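Asker: Numbering (my numbering), first residue to last: 34 to 287. Sharing a structure with you now.
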Ligand code: SF4
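This is the structure we're talking about:
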């Protein structure tokens, strides 16, 4: 079994590493309550990226499931394998003059800092999104975290705790990005995760992507852009506007 994806086939990863000194390897597991402990509180399970893009393919989903099974059934074998693969990737990056970088929780939320993984590879950069505020400020210097927002009522203590820190908070918006949210400036987070990491106390705004079902989703994980001018119109249907990208071209009616 190979744990890491080292060919950058994930679109966001490809975009993030483009034009930088970094080459990124990622790890995609099959999320469940054990490896994403906040998924019920944040109500993010239904619209989780697990079923986006290649995640719809049976072979991809099977491979993610076997990696999750290995993590849950034999953690020490999983960690041994992970260490070996990180070492090999680090070596291959150095050979081509690139700096190695790892995103180990592409669709999971495992505190790898507690298992000493980033501490073993101090010359490598690690980054992840998390829904666990208790992890913030507790990772080594080479492991950067961003917090992931949801409006789910049971998750608001977590959001408050994250807002007290300096870490960037990501939020998914429908109908474009607002200028500010939660009293923080919103930046375009779709450009590069490697830039988002160092953006400080901002909202990393991610535009909602995907087909009709996700555009119509009522998930608290998706925020309707509070700045969308179309929302003032009685006939406004934010979901259709999001799809048609008309939200920002409507003119004020006298
Ligand atoms: S925590 Fe992230 S990876 Fe886990 S279920 Fe929620 S959205 Fe998916």
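The beta-carbon is built from N, C-alpha and C at its ideal position, and this holds for glycine as well. Quick caveat, the model's predicted, so the values are computed rather than measured.
So, with DSSP's three-state summary, where would you put residue 283?
Answerer: With a pLDDT of 46 at residue 283, under the threshold of 50, the modelled position of that residue is not reliable, and the figure given next carries that caveat. DSSP places residue 283 in coil when its eight states are reduced to three.
Asker: Quick one: Cα of residue 283 to Cα of residue 228, how far?
Answerer: Note that residue 283 scores a pLDDT of 46, beneath 50, so its modelled location is shaky; the value from the coordinates is reported in the next line. Computed Cα separation, rounded: 32 Å.
Asker: Who does residue 136 pair with in a DSSP beta bridge?
Answerer: Paired residue(s): 59.
Asker: With a threshold of 6 Å, establish whether the CB of residue 226 neighbours any heavy atom of ligand 1.
Answerer: Incorrect: residue 226 has no Cβ contact closer than 6 Å to ligand 1.
Asker: Got a sec, what are the start and stop residues for the alpha helix (DSSP H) residue 101 sits in?
Answerer: It spans 91-106 - the alpha helix (DSSP H) in which residue 101 sits, taken as one unbroken run.
Asker: Tell me, please, whether the segment 42-50 touches the segment 200-219 by the rule of three or more beta-carbon pairs shorter than 8 Å.
Answerer: No: the two stretches stay apart, fewer than three of their Cβ pairs being nearer than 8 Å.
Asker: Does the Cβ of residue 105 have 16 or more other Cβ atoms within 10 Å, making it buried, or fewer, making it exposed?
Answerer: Result: exposed.
Asker: Using 6 Å as the cut-off, classify the Cβ of residue 50 as near or not near the heavy atoms of ligand 1, replying yes or no.
Answerer: It does not: the Cβ of residue 50 is nowhere closer than 6 Å to a heavy atom of ligand 1.
Asker: For the alpha helix (DSSP H) containing residue 195, name the first residue and the last one.
Answerer: From DSSP, the alpha helix (DSSP H) with residue 195 extends over 189-196.
Asker: Residue 77: beta carbon under 6 Å from a heavy atom of ligand 1?
Answerer: True, at least one ligand heavy atom lies under 6 Å from that Cβ.
Asker: Tell me the DSSP secondary structure of residue 179 in three-state form.
Answerer: Looking at residue 179 - three-state DSSP - the assignment turns out to be strand.
Asker: Using a threshold of 7 Å, state whether the C-beta atoms of residue 68 and residue 141 are closer than that.
Answerer: Yes, Cβ-Cβ distance for residue 68 and residue 141 is below 7 Å.
Asker: For residue 38 and residue 74, I'd like the C-alpha separation in whole angstroms.
Answerer: Going from the Cα of residue 38 to the Cα of residue 74 covers about 29 Å.
Asker: Residue 153 lies in the alpha helix (DSSP H); which residues open and close that run?
Answerer: Looking at the DSSP string, the run of the alpha helix (DSSP H) that includes residue 153 is 150-153.
Asker: Give a yes or no on whether the C-beta atoms belonging to residue 194 and residue 256 are separated by under 7 Å.
Answerer: Against a cut-off of 7 Å, the Cβ pair of residue 256 and residue 194 comes out as no contact.
Asker: In or out: residue 115 buried (at least 16 other Cβ within 10 Å) or exposed?
Answerer: With 16 or more other Cβ atoms within 10 Å, it is buried.
Asker: Assign residue 279 to one of two classes, buried (16 or more other C-beta atoms within 10 Å of its C-beta) or exposed (fewer than that).
Answerer: Any reading at residue 279 must be qualified, since the residue scores a pLDDT of 46, below 50, and its modelled position is unreliable; the value itself is stated next. Exposed is the call here.
Asker: Using the Cα positions of residue 248 and residue 153, report the straight-line distance between them to the nearest angstrom.
Answerer: Going by the C-alpha atoms only, they are around 41 Å apart.
Asker: Is the separation between the beta-carbon of residue 157 and that of residue 133 shorter than 7 Å?
Answerer: Yes; because the gap between Cβ atoms is below 7 Å, this pair is in contact.
Asker: Please specify which runs of the beta strand (DSSP E), each continuous and at least 3 residues long, are wholly inside the segment 227-264, giving them in chain order.
Answerer: If we require 3 residues or more, the beta strand (DSSP E) runs fully inside the segment 227-264 come out as 236-240 and 255-257.
Asker: Apart from the five residues just before and just after residue 226, which ones in its own chain have a Cβ nearer than 7 Å to its Cβ?
Answerer: Answer for residue 226: 45, 49 and 160, listed in chain order.
Asker: So does residue 98 have its beta carbon nearer than 6 Å to some heavy atom of ligand 1?
Answerer: Because no heavy atom of ligand 1 lies under 6 Å away, the Cβ of residue 98 does not count as near it: no.
Asker: Drop a sphere of 10 angstroms on the beta-carbon of residue 110, count the other beta-carbons inside from all chains shown, and report buried for 16 or more, exposed for fewer.
Answerer: Under this definition residue 110 is an exposed residue.
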